[in-house]
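Student: Protein chains in written order, with our numbering: chain A, 670 to 783; chain B, 303 to 415.
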């Protein structure tokens with residue numbers, strides 16, 4: 670069974686641009702979550718989708734958005750990039766997104782904003 | 303609001319020695335607690351989890367953790383560390399009824415020969 674796949678692996682953008690990151694969950698998993706990882710703030714929850722609906726959202730500005738498709742694949746978008754958006758963005762999937770479920774993480778997309 | 307504290311940013315342990323990584327949490331209800339490990343350039347892998355029952359839980363790679371409600375702690379232990387255990391370790395608590403995790407800042411484990 671293939672794991673969680675995130676593309677691209679690395680991305681370099683400049684301030685003011687926008688970016689779209691993609692995540693393909695494990696087959697059969699319906700919940701997809703996104704996390705931002707930075708040296709200063711650590712791992713922070715962005716949002717979680719289940720069956721194409723956003724169920725939970727972290728404390729990030731509206732420039733961060735996401736969506737989920739009918740095949741459970743998810744994308745996140747960051748508009749008007751800032752230097753502080755440079756981070757490793759991790760996607761995780763689970764079967765139903767329940768509180769006790771194990772999350773399966775992808776290897777992440779490393780975003781650098783210049 | 304829930305929070306997780308990992309007081310040690312870095313820990314160095316000799317290969318073959320025992321290991322204990324500390325984790326304290328703040329959460330109003332019964333917590334769902336996890337330990338994840340991250341190798342450089344990789345995502346996170348679940349080591350073990352606790353949400354009810356026996357307070358000593360066993361995980362993969364020879365790790366175990368003990369839940370102590372009175373101390374709000376969930377410390378990770380391993381009796382004998384291997385060089386391949388060098389990585390960053392994250393303690394986390396699940397909240398809001400879903401699998402959303404609040405992570406600690408992580409503890410970087412260095413293993414010396």
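Idealized CB from N, CA, C, for every residue including glycine.
All of these numbers come straight from a predicted model, not from anything done at the bench.
Does DSSP classify residue 767 of chain A as helix, strand or coil?
Tutor: As a working note, residue 767 of chain A is residue 98 in the first chain. Strand at residue 767 of chain A.
Student: Just to confirm, is the Cβ distance from residue 655 of chain A to residue 696 of chain A under 8 Å?
Tutor: With chain A covering 670 to 783 only, the question about residue 655 of chain A has no answer from this structure.
Student: Using 8 Å as the cut-off, can you tell me whether the segment 311–320 of chain B makes contact with the segment 730–738 of chain A, which would need three or more C-beta pairs spanning the two stretches below that distance?
Tutor: Judged by Cβ distances under 8 Å, the segment 311–320 of chain B makes no contact with the segment 730–738 of chain A, as fewer than three pairs qualify.
Student: So what's residue 724 of chain A in DSSP terms, helix, strand or just coil?
Tutor: Here residue 724 of chain A is taken as the residue at index 55 of the first chain, counted from 1. Strand at residue 724 of chain A.
Student: Give the C-beta separation of residue 352 of chain B and residue 395 of chain B to the nearest angstrom, bearing in mind that I take them to be a contact with Cβ-Cβ under 8 Å.
Tutor: Here the question's residue 352 of chain B lines up with position 50 in the second chain. Here the question's residue 395 of chain B lines up with position 93 in the second chain. Not quite, the Cβ-Cβ distance comes to about 10 Å (not below 8 Å), so this is no contact.
Student: Could you pull the start and end residues of the beta strand (DSSP E) that residue 681 of chain A belongs to?
Tutor: As a position in the first chain, residue 681 of chain A is number 12, starting the count at 1. That run of the beta strand (DSSP E) goes 679–682.
Student: When DSSP labels each residue in this structure, what does residue 670 of chain A get in the three-state scheme?
Tutor: For this step, residue 670 of chain A is matched to residue 1 along the first chain. The answer is coil: DSSP assigns residue 670 of chain A none of H, G, I, E or B.
Student: Looking at the secondary structure, which residues open and close the beta strand (DSSP E) in which residue 379 of chain B lies?
Tutor: Taking the first residue of the second chain as 1, we reach residue 379 of chain B at position 77. Taken as a continuous stretch (DSSP letters only), the beta strand (DSSP E) holding residue 379 of chain B covers 375–380.
Student: I need the straight-line Cα distance from residue 745 of chain A to residue 350 of chain B, nearest angstrom please.
Tutor: On the first chain, residue 745 of chain A is found 76 positions in, with the first residue counted as 1. On the second chain, residue 350 of chain B is found 48 positions in, with the first residue counted as 1. Answer to the nearest angstrom: the Cα atoms are 28 Å apart.
Student: Please classify residue 313 of chain B: does DSSP put it in a helix, a strand, or coil?
Tutor: Within the second chain, the letter at position 11 stands for residue 313 of chain B. Three-state result, residue 313 of chain B: strand.
Student: Excluding the 5 residues flanking residue 347 of chain B on each side, which residues of the same chain have their C-beta closer than 6 Å to its C-beta?
Tutor: Taking the second chain and counting its residues from 1, the one referred to as residue 347 of chain B is at position 45. These residues qualify, in order along the chain: 339.
Student: What separation, rounded to the nearest whole angstrom, lies between the Cα atoms of residue 314 of chain B and residue 740 of chain A?
Tutor: Counted from its first residue, the second chain places residue 314 of chain B at position 12. Counted from its first residue, the first chain places residue 740 of chain A at position 71. Taking the straight line from one Cα to the other gives about 44 Å.
Student: From the DSSP output, which residues share a beta bridge with residue 426 of chain B?
Tutor: Since the displayed chain B opens at 303 and closes at 415, residue 426 of chain B lies outside it and no answer follows.
Student: Does residue 305 of chain B get closer than 8 Å to chain A when you measure Cβ to Cβ?
Tutor: The count along the second chain starts at 1 and reaches residue 305 of chain B at position 3. It does not; no Cβ of chain A falls within 8 Å.
Student: Would you say residue 678 of chain A and residue 779 of chain A are within 8 Å of each other, going by their C-beta atoms?
Tutor: By 1-based counting over the first chain, the position of residue 678 of chain A is 9. By 1-based counting over the first chain, the position of residue 779 of chain A is 110. Contact flag set, yes.
Student: Applying the 10 Å Cβ sphere with the 16-neighbour rule, what's the burial state of residue 333 of chain B?
Tutor: Here the question's residue 333 of chain B lines up with position 31 in the second chain. Looking at its Cβ environment, which holds 16 or more other Cβ atoms inside 10 Å, residue 333 of chain B is buried.
Student: Less than 6 Å between C-beta atoms, sequence neighbours within five positions excluded: which residues of the same chain meet that for residue 693 of chain A?
Tutor: On the first chain, residue 693 of chain A is found 24 positions in, with the first residue counted as 1. Within the same chain, residue 693 of chain A has close Cβ partners 674 and 742.
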